[in-house]
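Residue numbers (full-length UniProt numbering): 1 to 449. Quick reminder that beta carbons are idealized off the backbone N, C-alpha and C, glycines included. Below is one structure; the comments refer to it alone.
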């Protein structure tokens, strides 16, 4: 006999929380999402996130089929190369990536804000904006009540923290589960893609993901994002009719301002930045980036100078400290709310989506009467925590993501830089090593299920 479907409260309308909401609705489970931002147009800027096989599989299983097709139609042109270049734009290595006709087993270039609009589509009746979570109460009857800053509350059978690195739910539920600064800071910029800015970068850099290993411990990454619509939201010539039809019918296109652009992000050890870097914005922040890249190629510096000041954003990189297993209850967590990771492996969003898929499957089994709600939560956490904290460790160990990395040290940093460049140079030139690198790029996320 089936159990009564639970009512699930999700705190946070980010990637993982919204994916979970779609999956629960498809499974016939009642859900409500509470988001602190005031409306669907407020929130993340349109910087790139890579959605690999793990994330794509979760989206395919949780989203309605037409919305998954819309997700694919809204992705930017896929990268054709993974490049490593110097601060002088000299190519150290370039790896040709494999095209794939399989929409799951490939790397999708996605703008965060566009993905947010895709995931909000169809959830208009369950996402509640301008709801800042303050605390929860677990009641004797097995329900849990979430309280919000505006004095309202909501009661359900399960509360899911999907409220990110600074999760207020986690602070109350697992106060010993803390995050710490990784010791690095990013400055993210977005440059309009025009004939002039396109001409500032080599063809292979235009067509790929490019990692910049600069001298003095200043790193960068550059992505060119090209979408199927233009600046006026008109569908571009050459877009397939099925994709064009999906985009014309998709309401999210009216809520987002993302158009073709170049993402250029620089980062280094935190001590390289002004003490008040997290308070700086706009042209002031762009100037900091220019000051820190004084020895970079003039074309890269010109890109920074052409950046949209409103898009410039400082990011203090954080990482979670692993915690021992906890007793499962009517509160659980997913994504950055429990396992914040550095961008070193680029799997944060994919891991949050994996969490959503797994939790949805477990709650569906509880609803079918195969197990209790608490057992479903416990089974989810028993799998999620080990792989989540494993990804945290792997991302932190990635070269350049920790402020303690020798790349940033005054004396040994130059040797570390030469070693990193040498590794990529040799790997790209030895066929066996090149194939292994490309295989790892394409299968890393897909091997984790």
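Query: Whole-angstrom distance between residue 195 and residue 38, CA atom to CA atom; Result: 36 Å
Query: Helix, strand or coil at residue 383 [DSSP, three-state]; Result: helix
Query: C-alpha gap between residue 208 and residue 364, whole angstroms; Result: 40 Å
Query: Collapsed DSSP secondary structure at residue 192 in the structure displayed; Result: strand
Query: Simplified DSSP state of residue 423, which is helix, strand or coil; Result: helix
Query: Whole-Å CB distance - residue 337 paired with residue 163, under 8 Å assumed; Result: 6 Å
Query: Inter-residue Cα distance where the pair is residue 311 and residue 204; Result: 25 Å
Query: Proximity of residue 305 and residue 286 at Cβ, strictly below 9 Å; Result: yes
Query: For residue 272, the three-state DSSP class (helix, strand or coil); Result: helix
Query: Bridge partner(s) assigned by DSSP for residue 180; Result: 319
Query: Beta carbon of residue 170 nearer than 9 Å to that of residue 319; Result: no
Query: Environment of residue 445 [buried if 16+ CB atoms lie within 10 Å]; Result: Low local confidence applies: a pLDDT of 43 at residue 445 is under 50, so the model's placement there is unreliable, with the coordinate-based value given in what follows. Result: buried.
Query: Beta-carbon spacing of residue 332, residue 160 below 9 Å; Result: yes
Query: Length of the line joining the Cα atoms of residue 357 and residue 13; Result: 16 Å
Query: Pick from 59, 47, 176, 172 that is closest to residue 113, judged by C-alpha positions; Result: 47
Query: Given residue 197 as reference, the closest of 302, 271, 188, 118 once Cα atoms are compared; Result: 302
Query: Minimum length 3: unbroken beta strand (DSSP E) runs contained in the region 35-80; Result: 48-51
Query: Segment contact, 8 Å Cβ cut-off, at least three pairs: the region 59-79 with the region 118-125; Result: yes
Query: Residue 283: first and last residue of the uninterrupted alpha helix (DSSP H) it sits in; Result: 282-292
Query: Inter-residue Cα distance where the pair is residue 373 and residue 367; Result: 8 Å
Query: Under 9 Å between C-beta atoms of residue 192 and residue 263; Result: no
Query: Burial state of residue 430, where buried means 16 or more other Cβ atoms lie within 10 Å; Result: exposed
Query: Closest Cα partner of residue 217 within the set 282, 426, 411; Result: 411
Query: Beta carbon of residue 213 nearer than 9 Å to that of residue 86; Result: yes
Query: Per-residue DSSP class, three states only, for residue 171; Result: helix
Query: CA-to-CA distance, residue 101 to residue 436, given in whole angstroms; Result: 21 Å
Query: Helix, strand or coil at residue 241 [DSSP, three-state]; Result: helix
Query: Opening and closing residue of the beta strand (DSSP E) in which residue 135 lies; Result: 133-138
Query: Host beta strand (DSSP E) of residue 463 (start-end); Result: No answer is possible for residue 463: it lies beyond the span of the chain, which begins at 1 and ends at 449.
Query: Closest residue to residue 298 among 95, 143, 396, 201 (Cα-Cα distance); Result: 201
Query: Separation of residue 370 from residue 381, as counted between CA atoms; Result: 17 Å
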